[in-house]
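For reference, each letter of the sequence shown is one residue, going 4 to 285 in our numbering.
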Amino acid sequence: SATPGTGFRANPRSIELLLRSAEDIALLAVPSPWTAERLTAVAGGLLVLLVAAFAWAVLLRRRVTQQTEVIRLKAEREAALEERQRMAREMHDTLAQSFSGLGFQLDSLAASLPSAADAARTRLDTAKQMVRHGQEEFRRSLMNLRAQELERGGLAEALGELGRQMTAGTGIAFDLQLRGTARGLSEAVENNLLRIGQECVTNAVRHAKPSRIDAEVIFEADGVRLRVKDDGIGFEAGRLERDSNGHFGWRGIHERAEQIKADVQLASKPGVGTEVVVTVEN
4 SATPGTGFRA NPRSIELLLR SAEDIALLAV PSPWTAERLT AVAGGLLVLL VAAFAWAVLL
64 RRRVTQQTEV IRLKAEREAA LEERQRMARE MHDTLAQSFS GLGFQLDSLA ASLPSAADAA
124 RTRLDTAKQM VRHGQEEFRR SLMNLRAQEL ERGGLAEALG ELGRQMTAGT GIAFDLQLRG
184 TARGLSEAVE NNLLRIGQEC VTNAVRHAKP SRIDAEVIFE ADGVRLRVKD DGIGFEAGRL
244 ERDSNGHFGW RGIHERAEQI KADVQLASKP GVGTEVVVTV EN
């Protein structure tokens, strides 16, 4: 409706200006190109670029960390190879000297037996001490020697290879499972876990009379766990026997576990089998 006295609508829907010509239009000010829509678009684009740059930086840092770890592990392996050669030479020299001395003592003993029994016993004791010393040096050297199997792969691959070799032709089924995502381990942890697993399999094959041996290498967020279980004859707790060589029996397992600060759990029962679980925390 029209406003009284004016002839105009109170709420017009549109206004139409009638100009005489284009000269009637004058530009008072140039509007800014940065409208709200454009500013929002630019801000959004910058935010996307910032997020992309941050993601790239995180990815790059992760790749650098991974590459650094690869380089470190490679350096450790190269150092281990050099150490193996050094230890081999040292072992050769130590054993050669020990057993040369043993031979000399035994020769002296043989020459003195007919006429001097007391002297023979003294020399025999000396020879025994030299043998024990040589064995201890040899064992200590072996404890620190990296396994060749680890040069060809990780812990799971190496233990699987050894397990298959030790059970080949015995009729014993051997199975190894890798749980979790495998990652690089320190030289000491990898080598000692392998030797512990090898000893567990060896004990099972020699003494337990199992039909199968199952091993697991389990990578967890807070560490790594080795589990070896057989279905053999088992034994009563506390009746552990070292192997005939005396190098890598149950005492050797505990010594290796102590070197890497690992926890060892043993469960065994006659007629049920034996299970050994070794846990190393990060």
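The C-beta atom is built at its ideal place from N, Cα and C for all residues, glycine as well.
| task | Identify which residue in E223, A176, L165, A191 has its Cα closest to the Cα of G183. | result | E223
| Just how far apart, CA to CA, sit Q262 and R230? | 18 angstroms
| said: Pop quiz: E202 and L158 are said to be a contact at Cβ under 8 angstroms. What is the actual Cβ separation, rounded to whole angstroms? | reply: So it is not a contact: roughly 15 angstroms between Cβ atoms.
| said: Here's the rule I'm using: 16 or more other beta-carbon atoms within 10 Å means buried, otherwise exposed. How should D233 be labelled? | reply: buried
| query | Taking the Cβ atom as the reference point for each residue, do G226 and E284 lie within a distance shorter than 8 angstroms? | reply | yes
| request: Round the Cβ separation of V220 and L162 to the nearest angstrom and send it over; I've been treating them as touching at under 8 angstroms. | output: 7 angstroms
| message | Measuring only the C-alpha atoms, how far is A78 from R41? | response | Whole-angstrom Cα-Cα distance: 55 angstroms.
| query | Taking the alpha-carbon positions, what's the A32 to L62 distance? | reply | Straight-line Cα distance between these residues: approximately 49 angstroms.
| field | Where the beta strand (DSSP E) through R344 begins and ends | value | With the chain represented from 4 up to 285, any question about residue 344 goes unanswered, as that position is not in the structure.
| said: Looking at E239: is its Cβ nearer than 8 angstroms to the Cβ of P213? | reply: no
| said: At the level of alpha carbons, what is the spacing between V204 and R167? | reply: 10 angstroms
| request: Indicate whether G237 and A218 have their beta-carbon atoms separated by less than 8 angstroms. | output: Remark: C-beta atoms of G237 and A218 do not approach each other more closely than 8 angstroms.
| How far does the alpha helix (DSSP H) with I256 in it reach, from first residue to last? | 253-262
| request: With DSSP as the reference, label D246 as helix, strand or coil. | output: Because the pLDDT at D246 is just 44, under 50, the model does not fix this residue reliably, and the value given afterwards should be weighed accordingly. Here D246 sits in coil by DSSP.
| field | Residue environment, T68, which counts as buried when at least 16 other CB atoms sit within 10 Å | value | exposed
| said: Just to confirm the assignment, what range does the alpha helix (DSSP H) spanning A176 have? | reply: A176 -> not in any alpha helix (DSSP H); beta strand (DSSP E) instead, spanning 176-182.
| Which partner residues of R230 appear in the DSSP bridge assignment? | Per DSSP, E219, V280.
| message | 8 angstroms is my cut-off, CB to CB: does M169 come that close to chain D? | response | No chain D appears in the structure shown, which is made up of a single protein chain.
| task | Put A32 into one of helix, strand or coil per three-state DSSP. | result | Coil, per DSSP.
| request: Kindly indicate the opening and closing residues of the beta strand (DSSP E) around A161. | output: Here A161 belongs to no beta strand (DSSP E); instead the alpha helix (DSSP H) covers 158-170.
| query | So is F286 buried or exposed if we call it buried at 16+ other beta carbons inside 10 Å? | reply | Residue coverage of the chain in this structure runs from 4 to 285, which leaves residue 286 outside it and unanswerable.
| message | If I measure Cβ to Cβ from V267 and keep anything under 6 angstroms in the same chain, skipping five residues before and after, which residues do I get? | response | A260, V281, listed in sequence order.
| field | First through last residue of the beta strand (DSSP E) which encompasses V275 | value | First-last for V275: undefined, no H or E at that position.
| query | Going along the chain, which unbroken runs of the beta strand (DSSP E) with 3 or more residues stay wholly within the stretch 49-77? | reply | Taken in chain order, no unbroken stretch of beta strand (DSSP E) lies wholly in the stretch 49-77 with a span of 3 residues or more.
| Given a threshold of 16 other Cβ atoms within 10 Å of its Cβ, counted over all protein chains shown, does L188 qualify as buried or as exposed? | buried
| Rounded separation between R65 and R75 - CA only | Answer to the nearest angstrom: the Cα atoms are 15 angstroms apart.
| field | Candidates R228, L52, Q70, P36: closest to A185 by CA position | value | For A185, the closest of R228, L52, Q70, P36 by C-alpha to C-alpha distance is R228.
| query | DSSP three-state call for D225: helix, strand or coil? | reply | coil
| query | Per DSSP, which one or two residues make a beta bridge with D266? | reply | T282
| query | How many angstroms separate the CA atom of I256 from the CA atom of A270? | reply | 15 angstroms
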